[in-house]
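**Student:**
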Amino acid sequence: MAQTTGMAATLERVGPVAGDAGGLVLFAWWMFTAVHAPVPPALLALTGLLAAGLVGSALVGYQLRQGDSPSAWLGWAALAVLLLGFAGNPGWAPAGLGLFGLSVVRGRVFPPLPGVLMAAGAWLVLVTTALTPTVPSGTSPSAIAWRGAMSVGLVLIAGALADLDALTEARPARAASRR
Numbered sequence: 003m004a005q006t007t008g009m010a011a012t013l014e015r016v017g018p019v020a021g022d023a024g025g026l027v028l029f030a031w032w033m034f035t036a037v038h039a040p041v042p043p044a045l046l047a048l049t050g051l052l053a054a055g056l057v058g059s060a061l062v063g064y065q066l067r068q069g070d071s072p073s074a075w076l077g078w079a080a081l082a083v084l085l086l087g088f089a090g091n092p093g094w095a096p097a098g099l100g101l102f103g104l105s106v107v108r109g110r111v112f113p114p115l116p117g118v119l120m121a122a123g124a125w126l127v128l129v130t131t132a133l134t135p136t137v138p139s140g141t142s143p144s145a146i147a148w149r150g151a152m153s154v155g156l157v158l159i160a161g162a163l164a165d166l167d168a169l170t171e172a173r174p175a176r177a178a179s180r181r
């Protein structure tokens, strides 16, 4: 039991920093995958594993902080969907992030802004990914705009992870100042 409590405390402590780095690595992995960039398969696999580990660690840490909030079940479901995305079908990854954003908004443990950013960014990535086959590829203006919209969604997700980090770091300071 003490090992489980220790692991949970470690994930809560490491989660915010993993989220900061994970947002950046997720951006790289998604762009490599979405635009079919000519990167070596080993680099693509390494980037995917690193993104899954960092983002997964961050979200588990945040989920543990949500504890038994009314939407805790939604956060755990979001993590399962995110795992499906990293395990083989990348389209599920933004769906899991969107669900986790909704969990943050509904849980009321954190301020709603990071959840709204994460859900909106994930929705934008999902829409641009779903409609990508209808957009011309290459360097046409519409293809560049489409990739730009996808990038905006990924930046919103990375911003949400960084915002959650800032909020979790500020929380103990506020609690200590009230004593």
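According to this note's numbering, the stretch in the sequence shown is residues 3 to 181, in order.
The beta-carbon is built from N, C-alpha and C at its ideal position, and this holds for glycine as well.
All values derive from a computational prediction rather than experimental measurement.
Short check: CB of Leu-84 to CB of Gly-98, under 7 angstroms?
**Tutor:** In the sequence shown, the residue the question calls residue 84 occupies position 82. In the sequence shown, the residue the question calls residue 98 occupies position 96. Closer than 7 angstroms, so yes.
**Student:** Contact defined as beta carbons within less than 8 angstroms: I believe Ala-53 pairs with Leu-81. What is the distance between those atoms, to the nearest angstrom?
**Tutor:** As a working mapping, residue 53 is identified with position 51 in the sequence shown. As a working mapping, residue 81 is identified with position 79 in the sequence shown. Not quite, the Cβ-Cβ distance comes to about 14 angstroms (not below 8 angstroms), so this is no contact.
**Student:** Can you give me the Cβ contacts of Leu-163 inside the same chain, cut-off strictly under 7 angstroms, excluding the 5 residues immediately before and after it?
**Tutor:** For the purposes of this step, residue 163 is taken as the residue at position 161 of the sequence shown. Closer than 7 angstroms at the Cβ level, and outside the excluded window around Leu-163, lie Gly-21, Asp-22, Gly-24, Gly-25, Ala-60.
**Student:** From which residue to which residue does the alpha helix (DSSP H) around Val-111 run?
**Tutor:** Here residue 111 corresponds to residue number 109 of the sequence shown, with the count starting at 1. Note, Val-111: premise wrong, no alpha helix (DSSP H); not H, not E.
**Student:** Counting contacts by CB-CB distance shorter than 7 angstroms, is Ala-53 in contact with chain C?
**Tutor:** Going by chain labels, chain C is absent from the structure shown, which holds only one protein chain.
**Student:** Cα separation between Leu-66 and Ser-73?
**Tutor:** Within the sequence shown, the letter at position 64 stands for residue 66. Within the sequence shown, the letter at position 71 stands for residue 73. Roughly 12 angstroms separates the two Cα atoms.
**Student:** Compare the beta carbon distance of Ala-124 and Gly-161 with 7 angstroms and say whether it is the shorter of the two.
**Tutor:** In the sequence shown, counting from the first residue as 1, residue 124 sits at position 122. In the sequence shown, counting from the first residue as 1, residue 161 sits at position 159. For Ala-124 and Gly-161, no; Cβs fall outside 7 angstroms.
**Student:** With distances taken Cα to Cα, identify the nearest neighbour of Val-107 among Leu-156, Thr-131, Val-154, Leu-166.
**Tutor:** Indexing the sequence shown from 1 puts residue 107 at position 105. Nearest C-alpha to Val-107: Leu-166.
**Student:** So what's Asp-165 in DSSP terms, helix, strand or just coil?
**Tutor:** As a working mapping, residue 165 is identified with position 163 in the sequence shown. Correct three-state label for Asp-165: helix.
**Student:** Comparing alpha-carbon positions, which option in Arg-149, Pro-40, Gly-55 lies nearest Val-19?
**Tutor:** As a position in the sequence shown, residue 19 is number 17, starting the count at 1. Nearest of Arg-149, Pro-40, Gly-55 to Val-19, Cα basis: Gly-55.
**Student:** Taking only the alpha-carbon atoms, compute the straight-line gap between Ala-11 and Leu-51 and give it to the nearest angstrom.
**Tutor:** On the sequence shown, residue 11 is found 9 positions in, with the first residue counted as 1. On the sequence shown, residue 51 is found 49 positions in, with the first residue counted as 1. Each residue's alpha carbon lies about 23 angstroms from the other.
**Student:** With 16 as the cutoff for other CB atoms within 10 Å, does Ile-159 come out buried or exposed?
**Tutor:** To locate residue 159, count along the sequence shown from 1; it is residue 157. That one is buried.
**Student:** Do you know offhand how far Val-57's Cα is from Gly-63's?
**Tutor:** Taking the first residue of the sequence shown as position 1, residue 57 is located at position 55. Taking the first residue of the sequence shown as position 1, residue 63 is located at position 61. Answer to the nearest angstrom: the Cα atoms are 10 angstroms apart.
**Student:** Give me the residue from Ser-105, Ala-39, Val-37, Ala-47 with the minimum Cα distance to Trp-78.
**Tutor:** Taking the first residue of the sequence shown as position 1, residue 78 is located at position 76. Looking at the Cα atoms, Ser-105 is the closest of the given residues.
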